Amino acid sequence: MKISIFLLCYNEEILIPYALEHYRRFFPSATFTVYDNYSTDNSAELAKSLGCRVLYFNTKDELDEFKQTFLKNNCWKDVDEGWIIVCDMDEWLCIDEASLKKEEEKGVNIIDSFGTDMVGNSQSTFLMDINPHEISHAVRNHHMDKRICFKAGVFRDINYTEGAHQCFPSEEVSLSDAYLLKHMSWLGLPYKLSRNRIRWTRSSRMRQNGLAIHYKERDDEIRRTFSNLMGKRKDISLECGDCFWKNERTISNT
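Here my numbering is used: the first residue of the sequence shown is 1, the next is one more, and so on.
Structure representation (structure tokens):
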């Protein structure tokens, strides 16, 4: 089965190896294209060394949700067979090739997802003290119920909105059951603080447009949110290859 995975990237050298390992575990023969926003760290070279095709897009050193949305809506259009995944580096969909084949046999053309914030407790900015694959605590996040995986050759347009939290495909949709989508952002407080500072600095224009408002100016806001997530997180104790949750109450926020 042909799987084409497109990942957007800015300064993700910490997470890139883990993201690729995650997807290669489920799709050993997948091809990877990384769209790099002229990272200032080693992201692009690392992605190349790990077997990815790397293409660049320029936003003049600022976060540009409009350009990212344009990329997500168009980067896959040369793919005419198999399945496509379009996502950020911290979005890990948990579906394997066998499950995807079964969904295809049922006539499914878009994989629905069940979003969670995975909550780790790394004390390292560089995640040196944890293995992100082993984080099993999560908090339900409906905002992350993204549809990032769809069948090639079916849709002329996928029509993601900014952030790709919604899509309005041009052709009729046949949805799968929901598979776990891990949002690998809250992996530890030092890591999250570092990531937030970078994104806050680059997102001024987007915030003026009502976008990227989840990035915070003050560290204490991130600390409060992290403490709240630590208090709410549940040990979901799932093997990622079998991660369809029929009962989302297992990790409800309430």
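Glycine included, each C-beta is placed from N, C-alpha and C at the ideal position. If you're wondering where the values come from, they're calculated on a predicted model, not measured in any experiment.
For residue 116, the enclosing beta strand (DSSP E) has its first and last residue at 110-119. Less than 9 Å separates the beta-carbon of residue 203 from that of residue 215. The beta carbons of residue 229 and residue 132 sit no closer together than 9 Å. Between the beta-carbon of residue 160 and that of residue 59 there is about 17 Å, and that puts the pair past the 8 Å contact cut. Residue state for residue 30 is assigned as coil, using DSSP reduced to three classes. Here residue 23 really is in contact with residue 30; their C-beta atoms are around 6 Å apart, less than 8 Å. Taking 3 residues as the shortest admissible run, the stretch 83-161 contains the following complete beta strand (DSSP E) segments, listed from N- to C-terminal end: 83-88, 91-93, 110-119, 137-140, 149-151. Under a 10 Å Cβ-count criterion, residue 42 is classified as exposed, with fewer than 16 other Cβ atoms of the shown protein chains found around its own Cβ. In this structure, 12 is the residue among 25, 20, 64, 12 with its C-alpha nearest to the C-alpha of residue 44.
For residue 184, the enclosing beta strand (DSSP E) covers residues 175-186. A residue is called buried when at least 16 other Cβ atoms come within 10 angstroms of its Cβ; residue 227 does not meet this threshold and is exposed. A direct Cα-to-Cα measurement between residue 168 and residue 156 gives close to 11 Å. Under DSSP, residue 53 shares a beta bridge with 33.
The stretch 191-225 is shown to contain whole alpha helix (DSSP H) runs of 4 or more residues at 204-208, in chain order.
The continuous beta strand (DSSP E) containing residue 6 extends over residues 3-9. For the pair residue 149 and residue 222, the Cα-to-Cα distance works out to about 30 Å. In the displayed model, residue 60 falls within coil according to three-state DSSP, outside both helix and strand. Minimum Cα-Cα distance from residue 213 among the listed residues 134, 64, 26, 170 corresponds to 64.
Using a 10 angstroms sphere on the CB of residue 141, the tally of other CB atoms reaches 16 or more, which defines it as buried. By the CB criterion at 9 Å, residue 119 and residue 6 fall outside the cutoff.
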